[in-house]
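The structure appears below as structure tokens.
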Ligand SMILES: *Cc1c(COP(=O)(O)O)cnc(C)c1O
């Protein structure tokens with residue numbers, strides 16, 4: 087059997103580069119608590135992401151959870167179930183009620199035409215997800231948020247380095263949250279960041295990530311601990327040096343897939359937009375079984391038998407999780423349900439060889455013709 091191909095492979099700098107970056111830590115013994123690596127990465131990211139303020143956290147989930155807490159949200163929050171568990175959990179763990187809005191069948195982001203019907207006097211925010219790096223309908227979301235005085239927290243976990251109409255994606259909304267998890271386009275091993283404009287929000291967020299400690303003798307708020315440590319920050323500094331090259335390599339893989347799969351009957355690919363600078367984080371394919379001749383699960387199994395781990399991402403949709411399914415009706419978001427049952431994300435990482443991408447396409451396309 088040929089070598090196993092995983093769905094993703096974490097980007098890493100050379101060992102020498104990382105060692106050089108962490109060597110000063112052996113002098114200073116400063117391992118965490120906003121040390122020099124933390125400060126340096128924060129400054130570099132502010133510039134790279136083109137945002138006013140950014141704060142670093144221990145992971146993307148805490149970025150979401152603590153942002154919602156810092157904004158003091160109440161009642162109901164409108165969001166989508168076509169996302170990673172974290173988005174919904176962050177809402178629920180804040181004692182808020184997620185109200186699920188359906189998604190757009192073409193780009194999987196929140197269907198803005200369905201938001202207003204879900205707004206009640208208890209609604210305090212919208213939490214849209216730039217899923218697979220596809221940018222939400224930002225102007226329409228802004229219009230609705232303004233009309234009903236709602237906060238907007240973007241789950242921007244998939245959009246590292248992206249721009250929309252020439253502006254850093256993290257600069258939109260009241261807050262945008264990034265994940266720097268090992269599996270993301272840019273990683274700090276584990277890590278996350280919150281981008282924002284309001285310094286008062288920034289102070290609350292900082293308190294939440296550092297026990298509310300302002301100085302040795304002043305604890306001004308009830309906080310948790312969600313600080314990024316020096317080793318994670320050092321990993322980020324190293325990975326950031328190579329990020330543009332990494333994204334270009336991902337683009338090449340993505341283009342290769344697209345050349346092989348575009349126009350095949352029954353296959354739906356991610357839309358391409360010319361007002362977005364894309365990071366090529368994911369390559370989702372929706373299998374419309376009736377036209378393609380094979381289901382998502384057929385293709386998943388065929389790939390698996392050849393040692394290729396594609397991922398049913400996002401399946402199941404969050405509203406059908408064991409912990410939520412008695413509370414929510416998945417039929418209220420039929421498009422999200424439809425897509426969740428039919429989508430597969432293909433292996434995609436910077437160093438995926440073109441031969442492997444071809445082998446994946448061959449197996450996938452063979453399914454369509456043989457099962458049909
Ligand atoms: C990865 C991810 C998160 C959570 O980030 P972590 O860094 O893993 O905590 C949140 N939302 C989405 C959409 C994600 O993909």
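Residue numbers (my numbering): 87 to 458. Beta carbons: idealized from backbone N, C-alpha and C, even for Gly.
- When the alpha-carbon of residue 309 is set against those of 121, 91, 155, 391, the nearest one is in 155.
- In this structure, the C-beta of residue 170 approaches ligand 1 to less than 6 Å from one of its heavy atoms.
- Counting only residues of its own chain and dropping the five nearest sequence neighbours on each side, residue 401 has a CB closer than 6 Å to the CB of 426.
- By the criterion of a C-beta distance shorter than 6 Å, residue 293 is surrounded in its chain by 307, 309, once the five residues flanking it on both sides are discounted.
- Fewer than three Cβ pairs drawn from the region 231 to 246 and the region 116 to 124 lie within less than 8 Å of each other, which leaves the two stretches out of contact.
- Secondary structure at residue 223: coil, using DSSP grouped into helix, strand and coil.
- For residue 92, the closest C-alpha among the options 409, 439, 448, 190 is that of 439.
- The continuous stretches of alpha helix (DSSP H) do not include residue 302, and DSSP gives it neither H nor E.
- According to the DSSP assignment, residue 323 belongs to the alpha helix (DSSP H) that extends over 316 to 327.
- The alpha-carbon separation between residue 191 and residue 173 amounts to approximately 20 Å.
- For residue 243, the distance from the CB to the nearest heavy atom of ligand 1 is below 6 Å.
- In the structure shown, residue 234 falls within a helical segment according to DSSP collapsed to helix, strand and coil.
- Secondary-structure assignment with DSSP links residue 183 through a beta bridge to 162.
- Listed in chain order, the beta strand (DSSP E) elements of length 3 or more contained wholly in the region 343 to 368 are 353 to 355.
- Between residue 319 and residue 127, the C-beta gap is smaller than 7 Å, which places the two residues in contact.
- In the pairwise beta carbon analysis, the region 203 to 214 is classified as not touching the region 430 to 439: fewer than three pairs are separated by under 8 Å.
- In the DSSP annotation of this structure, the continuous segment of the alpha helix (DSSP H) that includes residue 422 starts and ends at 420 to 428.
- Rounded to the nearest whole angstrom, the CA to CA distance from residue 323 to residue 102 is 14 Å.
- As the crow flies, the alpha-carbon of residue 176 is around 38 Å from that of residue 451.
- Counting C-beta pairs closer than 8 Å gives fewer than three between the region 129 to 145 and the region 98 to 112, which falls short of the contact rule.
- Residue 209 carries a strand assignment under DSSP once its states are collapsed to helix, strand and coil.
- Under DSSP, no beta-bridge partner is assigned to residue 134.
- Judged by the Cβ position, residue 173 qualifies as a neighbour of ligand 1 at the 6 Å threshold, a heavy atom of the ligand being closer than this.
- Just so you know, the alpha carbons of residue 185 and residue 445 end up roughly 41 Å apart.
- For residue 175, the enclosing alpha helix (DSSP H) has its first and last residue at 171 to 178.
- Within the region 99 to 158, the complete beta strand (DSSP E) segments of 3 residues or longer fall at 139 to 143, listed in chain order.
- Taking the C-beta atoms as reference points, residue 210 is found no nearer than 7 Å to residue 152.
- The straight-line gap separating the alpha-carbon atoms of residue 403 and residue 169 is approximately 7 Å.
- In the three-state reduction of the DSSP assignment, residue 311 falls in the strand class.
- Pairwise C-beta distances place the region 368 to 382 out of contact with the region 255 to 264, as fewer than three of them are shorter than 8 Å.
- Residue pairing of residue 410 in beta bridges, as defined by DSSP: absent, with no partner found.
- In terms of Cβ geometry, residue 316 and residue 123 form a close pair [threshold 7 Å].
- Nearest neighbour of residue 455 by Cα position, chosen from 351, 358, 409, 368, turns out to be 351.
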